[in-house]
């Protein structure tokens, strides 16, 4: 079994099944999702991706071969540029501006997820950092594939679905999975367990991110 498959089986398989059955996802495909929940999602995703880009830059700095250094640095830049373009078009469709995003700030789930990513990528090993950022690549890719089977009668949702289900994004994910699998041969038992734990934690955060958007979760006080 490859290292990536090992991580998935131990930390994401059950979570992924819950994600694709979540009413946020099913509401996207049948068009019944409240636009307020999608607005919440796009705003929080904008905050998250700024932090994710920085996390990928930290992974790049910890990478042990030049190809991986270059790849993760490129992905860090792409996470900002691609999402900026996508969100710019979606913000207008949702009646939002960049100023609205900045004024809203990050919610509790977004803040917790961003903090976890940053902490592990800054203080963990290279393998731990890769395992921590991997669910965002992999789960989004597979969710995108699932959504593409149905698309959406809502044109705004259909636009978002088309972007995440692209062949270009699929190639990006495969490149990260290849790096993950090469690391598997070098990871000892203790580090391997930490990789499993981090991968499982950020997989859960992926579900929590969708759920927070569906419920439009705000700070309690």
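Residue numbers (full-length UniProt numbering): 1 to 221. Beta carbons: idealized from backbone N, C-alpha and C, even for Gly.
By Cβ distance, which residues of its chain are closer than 7 angstroms to residue 196, with the 5 residues on each side in sequence left out?
What you label residue 196 is simply residue 196 of the chain shown in a count that begins at 1. These residues qualify, in order along the chain: 7, 10 and 11.
Applying the criterion that 16 or more other CB atoms from any shown protein chain within 10 Å of the CB defines a buried residue, is residue 219 buried or exposed?
In the chain shown, counting from the first residue as 1, residue 219 sits at position 219. With fewer than 16 other Cβ atoms within 10 Å, it is exposed.
Just to confirm the assignment, what range does the alpha helix (DSSP H) spanning residue 173 have?
Residue 173 sits at position 173 when you count from the first residue of the chain shown. Here the alpha helix (DSSP H) through residue 173 covers 167–184.
8 angstroms CB neighbourhood of residue 117 in its chain, flanking five on each side removed:
For this step, residue 117 is matched to residue 117 along the chain shown. So the list reads 51, 52, 55, 132, 133 and 202, once near-sequence residues are dropped.
Taking 7 angstroms as the cut-off, decide whether the C-beta atoms of residue 63 and residue 76 are in contact.
As a first step, residue 63 is located in the chain shown; it is residue number 63 there, counting from the start. As a first step, residue 76 is located in the chain shown; it is residue number 76 there, counting from the start. No. Outside cutoff.
Which class does residue 219 belong to by DSSP, given the choice of helix, strand or coil?
Residue numbering aside, residue 219 sits at position 219 when the chain shown is read from its first letter. Coil.
Find out if the Cβ-Cβ distance for the pair residue 129, residue 183 is shorter than 7 angstroms.
As a position in the chain shown, residue 129 is number 129, starting the count at 1. As a position in the chain shown, residue 183 is number 183, starting the count at 1. In this structure, residue 183 does not lie closer than 7 angstroms to residue 129 by Cβ.
Is the CB-CB distance between residue 41 and residue 158 below 7 angstroms?
Here the question's residue 41 lines up with position 41 in the chain shown. Here the question's residue 158 lines up with position 158 in the chain shown. No, these two residues do not count as a Cβ contact at 7 angstroms.
Does at least one heavy atom of the ligand MG sit under 6 angstroms from the Cβ of residue 72?
Ligands are entirely absent from the displayed structure, and the ligand MG is therefore not among its contents.
Just the C-alpha distance for residue 85 and residue 113, rounded to the nearest angstrom, thanks.
Walking along the chain shown from the start, residue 85 turns up at place 85. Walking along the chain shown from the start, residue 113 turns up at place 113. Straight-line Cα distance between these residues: approximately 23 angstroms.
State buried or exposed for residue 153, treating a residue as buried only when at least 16 other CB atoms are found within 10 Å of its CB.
Within the chain shown, residue 153 is the residue found at index 153, counting from 1. Answer is exposed; the Cβ neighbour count stays below 16.
Is DSSP giving residue 149 helix, strand or coil here?
Reading the chain shown from its first residue, position 149 is the one you call residue 149. Residue 149 falls in the coil class under three-state DSSP.
Keeping to the same chain, check which residues put their C-beta closer than 6 angstroms to that of residue 187; ignore five residues upstream and five downstream.
Here the question's residue 187 lines up with position 187 in the chain shown. Answer for residue 187: 127, listed in chain order.
Alpha helix (DSSP H) segments (min. 4 residues) lying fully within the stretch 19–48
23–30
Using only the alpha-carbon positions, how far apart do residue 46 and residue 122 sit?
If you number the chain shown from 1, residue 46 lands on position 46. If you number the chain shown from 1, residue 122 lands on position 122. Near 21 angstroms, if we compare the C-alpha coordinates of residue 122 and residue 46.
Between residue 28 and residue 161, how many whole angstroms is the CB-CB distance? I'm expecting something under 8 angstroms.
As a working mapping, residue 28 is identified with position 28 in the chain shown. As a working mapping, residue 161 is identified with position 161 in the chain shown. The Cβ separation is near 7 angstroms, so the contact holds.
Residue 15 versus residue 204: straight-line alpha-carbon distance, rounded
Start at 1 with the first residue of the chain shown, and residue 15 comes out as number 15. Start at 1 with the first residue of the chain shown, and residue 204 comes out as number 204. Rounded to whole angstroms, residue 15 to residue 204 spans 6 angstroms at the Cα level.
In the DSSP assignment, find the alpha helix (DSSP H) that holds residue 11 and state where it starts and stops.
To locate residue 11, count along the chain shown from 1; it is residue 11. First-last of the alpha helix (DSSP H) with residue 11: 3–11.
Using a Cβ-Cβ cutoff of less than 7 angstroms, which residues in the same chain neighbour residue 93 once the five nearest sequence positions on both sides are dropped?
Looking up residue 93 in the chain shown gives position 93. Correct list, in chain order: 156.
Residue 174 burial status per 10 Å Cβ neighbour count (16 or more: buried)
Translated into positions along the chain shown, residue 174 becomes position 174. Classification of residue 174: exposed, given that the 10 Å Cβ count is below 16.
Straight-line Cα distance separating residue 189 from residue 49
One-based indexing of the chain shown puts residue 49 at position 49. One-based indexing of the chain shown puts residue 189 at position 189. If I take the Cα positions, the gap works out to 31 angstroms.
Taking residue 194 as the reference, give the member of 168, 141, 176 and 120 with the closest Cα.
Reading the chain shown from its first residue, position 194 is the one you call residue 194. Checking every option, the nearest Cα to that of residue 194 belongs to 120.
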